Amino acid sequence: MCHAPGCNAMVGDRVAQGDVHAQTPLSPQKPDLTRIIMESLGTVTFGFNLFKELNRENNGNIFFSPASILAAVGMLLLRTRKATATQLQKVPLSEKDTDSSRIKAEGKEVGDMSYQLHKDSSLSFCFVLKIEKTEEIHHQFQTFLSEISQPNNNYELKVANRLFGEKTYLFLQKYLDYVEKYYHASLEPVDFVNAADESRKKINSWVESQTHGISLIILKMGQVCCLFAEKVKDLFPDATLSSTTKLVLVNIVHFKGQWDREFKKEHTRRRNFGWISELPWSSHASLDTGRSMNLLQNTSKPVQMMTQRDSFSFTLLKDLQAQILGIPYKNRDLSMFVLLPNDIDGLEKIINEVSPEKLVEWTNPGQMKERTVDLHLPRFEVEDSYDLEAALGAMGLGDAFSELEADYSVMSPRSGLHAQKFLHGSFVVVTEEGTEAAAGTGMGFAVTSVPNYETFHCNHPFLFFIRHNESNSVLFFGKFSSP
Numbered sequence: 067m068c069h070a071p072g073c074n075a076m077v078g079d080r081v082a083q084g085d086v087h088a089q090t091p092l093s094p095q096k097p098d099l100t101r102i103i104m105e106s107l108g109t110v111t112f113g114f115n116l117f118k119e120l121n122r123e124n125n126g127n128i129f130f131s132p133a134s135i136l137a138a139v140g141m142l143l144l145r146t147r148k149a150t151a152t153q154l155q156k157v158p159l160s161e162k163d164t165d166s167s168r169i170k171a172e173g174k175e176v177g178d179m180s181y182q183l184h185k186d187s188s189l190s191f192c193f194v195l196k197i198e199k200t201e202e203i204h205h206q207f208q209t210f211l212s213e214i215s216q217p218n219n220n221y222e223l224k225v226a227n228r229l230f231g232e233k234t235y236l237f238l239q240k241y242l243d244y245v246e247k248y249y250h251a252s253l254e255p256v257d258f259v260n261a262a263d264e265s266r267k268k269i270n271s272w273v274e275s276q277t278h279g280i281s282l283i284i285l286k287m288g289q290v291c292c293l294f295a296e297k298v299k300d301l302f303p304d305a306t307l308s309s310t311t312k313l314v315l316v317n318i319v320h321f322k323g324q325w326d327r328e329f330k331k332e333h334t335r336r337r338n339f340g341w342i343s344e345l346p347w348s349s350h351a352s353l354d355t356g357r358s359m360n361l362l363q364n365t366s367k368p369v370q371m372m373t374q375r376d377s378f379s380f381t382l383l384k385d386l387q388a389q390i391l392g393i394p395y396k397n398r399d400l401s402m403f404v405l406l407p408n409d410i411d412g413l414e415k416i417i418n419e420v421s422p423e424k425l426v427e428w429t430n431p432g433q434m435k436e437r438t439v440d441l442h443l444p445r446f447e448v449e450d451s452y453d454l455e456a457a458l459g460a461m462g463l464g465d466a467f468s469e470l471e472a473d474y475s476v477m478s479p480r481s482g483l484h485a486q487k488f489l490h491g492s493f494v495v496v497t498e499e500g501t502e503a504a505a506g507t508g509m510g511f512a513v514t515s516v517p518n519y520e521t522f523h524c525n526h527p528f529l530f531f532i533r534h535n536e537s538n539s540v541l542f543f544g545k546f547s548s549p
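Below, the structure written as structure tokens:
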């Protein structure tokens, strides 16, 4: 429901009375069910498979928020019906989960789950819940976000949503009610038709007043554009919004956490970080085969390497020639996990061979062992943006971007809306004190007579992700391949 000043006169008079879902709203469930639903939504699986799609076209650093993207997908699902809504509920699962099953909680069936192999991918997909059960998804997803966003002295994890709607456009009141109910997003009227640039500045001002990490959806007549960005002062440059823009939905996810045991700045040293890069003139054709060949070279660059020797959760992966380390944040509700190959050129092999189930298994508290670890971790920043239309299309969400196939009539009785773009931008900073993403003192360097510790030196490319430990949900996922 819109509570902005003047909303009833501007937008409210043009709001149609429609129904988003025909069923009676479900009663709130206990938090225990949150884990079941979130595991079904599979942020680990979704995040890793989206990462693999992005990695196909990106040899550099990668960083994004699976939780933030899923929140926007949830808002897309709220305003869809029929096949589009069903498709938006597809979530990549492991290939081993190919049998039909049902989710049960507290002795009650929650919904049907069925699996199919996507024709253009090796991934399996899960129709998480039947369309008449989608309200349960939104309720549990928002419950989860609300739980982890509670004020906490140990870390800051903020989630906020806002809708900016064209004041003359016809929106269904039921859709606005549901968005406010589940995503706490109120509608603020703006004049895209006659004052698109002023509206752009107004949205930019609100974005800047919030903290980092923005997920954004822009709906135009005939177009829907989804944009995610973090730590942005001028989200929309000149002329990016026009008179055809009808709705902008913004989802903000910001995380700032302190390490459980901070790195001592006096122990930070200048060290080399190495990686394999292609020579700039390496696009040749082989004389023997005529096919393109890439010439590689070892590259290195000095970085500020943070160092600490202390007790950490550790897993040695002998078969994969890699190791995993868990670095907890204060209160240990969240952790950063780092997957480090033994060799400088080993990361791509790991990406090709690792599955989401393996990531969950390897980082399970029962699997990881507390070991004394000599940790070297570079200070680093990753900032990037992506057009996710192709990646999400490959993961089974293609119809959402099709002008012919998409059905957003639940959001508005007017036709012609479809998702044209889905952009995501992200920003992460890792320092001695902790991590800022938009998501202890240690034992020093005392030397014992017989070294009895693991070596975990992140001086070459590695994967990392930030996880909410109780729900096993990945908030942020990334690759650091070069400074």
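So the mapping is simple: this note's numbering equals the position in the sequence shown, first residue as 1, plus 66.
A virtual CB, placed ideally from N, CA and C, is assigned to each residue, including glycine.
What you are looking at is a predicted structure, and each value in this text was computed from that prediction instead of being measured.
Spatially closest choice to Phe339 from Ser547, Val496 and Lys312, by CA coordinates
Residue mapping note: residue 339 aligns to position 273 of the sequence shown, counting from 1. Here the closest residue by C-alpha is Ser547.
Can we say the region 446-458 touches the region 110-128, given the rule of at least three CB pairs closer than 8 Å?
yes
Rounded to a whole number of angstroms, what is the C-alpha to C-alpha distance between His205 and Lys545?
Numbered from 1 along the sequence shown, position 139 holds the residue referred to as residue 205. Numbered from 1 along the sequence shown, position 479 holds the residue referred to as residue 545. The straight-line gap from Cα to Cα measures roughly 32 Å.
Where do the ends of the alpha helix (DSSP H) carrying Thr109 lie?
For the purposes of this step, residue 109 is taken as the residue at position 43 of the sequence shown. Start and end: Thr109 to Arg122.
Going straight from the alpha carbon of Tyr244 to that of Gln208, what length do you get?
On the sequence shown, residue 244 is found 178 positions in, with the first residue counted as 1. On the sequence shown, residue 208 is found 142 positions in, with the first residue counted as 1. Roughly 12 Å between the two C-alpha positions.
Between which two residues does the beta strand (DSSP E) containing Lys330 stretch?
Sequence index remark: in the sequence shown, residue 330 carries index 264 (1-based). Element bounds for Lys330: n/a, residue is neither H nor E.
Any 3 or more C-beta pairs closer than 8 Å across the region 417-428 and the region 438-445:
no
Compute the Euclidean distance between the alpha carbons of Asn115 and Glu423, then round it to the nearest angstrom.
Walking along the sequence shown from the start, residue 115 turns up at place 49. Walking along the sequence shown from the start, residue 423 turns up at place 357. Going from the Cα of Asn115 to the Cα of Glu423 covers about 11 Å.
Taking only three categories from DSSP, how would you classify Arg228?
Within the sequence shown, the letter at position 162 stands for residue 228. Three-state DSSP puts Arg228 in a strand.
When you compare each of Phe258, Val476, Arg445 and Trp341 to Ile410 by their alpha carbons, which one comes out closest?
Translated into positions along the sequence shown, residue 410 becomes position 344. Ile410 has its Cα closest to that of Trp341, out of Phe258, Val476, Arg445 and Trp341.
Which runs of the alpha helix (DSSP H), 4 residues or longer, sit entirely within the region 422-464?
422-428 and 455-458
Within 10 angstroms of its Cβ, does Asn227 collect 16 or more other Cβ (buried), or is it exposed?
Within the sequence shown, the letter at position 161 stands for residue 227. Buried, by the Cβ-count rule.
Per-residue burial, Lys322 [other beta carbons within 10 Å of its own, 16 or more giving buried]
In the sequence shown, residue 322 corresponds to position 256, counting from 1. Buried, by the Cβ-count rule.
How big is the Cα-Cα spacing for Val476 and Ala262?
Taking the first residue of the sequence shown as position 1, residue 476 is located at position 410. Taking the first residue of the sequence shown as position 1, residue 262 is located at position 196. Between Val476 and Ala262, the C-alpha separation is close to 25 Å.
Considering only their Cβ atoms, is the gap separating Phe329 from Met372 smaller than 7 Å?
For the purposes of this step, residue 372 is taken as the residue at position 306 of the sequence shown. For the purposes of this step, residue 329 is taken as the residue at position 263 of the sequence shown. For Met372 and Phe329, yes; Cβs fall inside 7 Å.
Cβ of Ser309 within 7 Å of Cβ of Phe258?
As a working mapping, residue 309 is identified with position 243 in the sequence shown. As a working mapping, residue 258 is identified with position 192 in the sequence shown. Yes.
For the beta strand (DSSP E) that Ile393 lies in, which residues bound it at each end?
Indexing the sequence shown from 1 puts residue 393 at position 327. Run containing Ile393: Ala388 to Pro394, per the beta strand (DSSP E) assignment.
Quick check: the Cα distance between Ser478 and Lys240, rounded to an integer number of angstroms?
Position 412 of the sequence shown, counted from the start, is the residue given in the question as residue 478. Position 174 of the sequence shown, counted from the start, is the residue given in the question as residue 240. Taking the straight line joining both Cα atoms gives about 10 Å.
In chain order, what residues of the same chain lie with their CB nearer than 7 Å to the CB of Arg392, ignoring the 5 residues before and after it?
Within the sequence shown, numbered from 1, the residue matching residue 392 stands at position 326. A small correction: the amino acid at residue 392 is Gly; Arg does not occupy that position in the sequence shown. Only Phe378, Ser379, Ser401, Phe403, Thr429 and Met434 meet the Cβ criterion.
Could you spell out where the alpha helix (DSSP H) holding Leu413 opens and where it closes?
The residue you call residue 413 lines up with position 347 of the sequence shown. Leu413 -> alpha helix (DSSP H) spans Leu413 to Glu419.
Find out if the Cβ-Cβ distance for the pair Arg327, Asp376 is shorter than 7 Å.
Along the sequence shown, one-based indexing puts residue 327 at 261. Along the sequence shown, one-based indexing puts residue 376 at 310. The answer is yes: Cβ separation under 7 Å.
Per DSSP, what kind of secondary structure is Met402 in: helix, strand or coil?
Taking the sequence shown and counting its residues from 1, the one referred to as residue 402 is at position 336. Three-state result, Met402: strand.
Own chain partners of Trp272 with C-beta closer than 7 Å, once the 5 adjacent residues on each side are dropped
On the sequence shown, position 206 is the one that residue 272 refers to. Here the set comprises Arg228.
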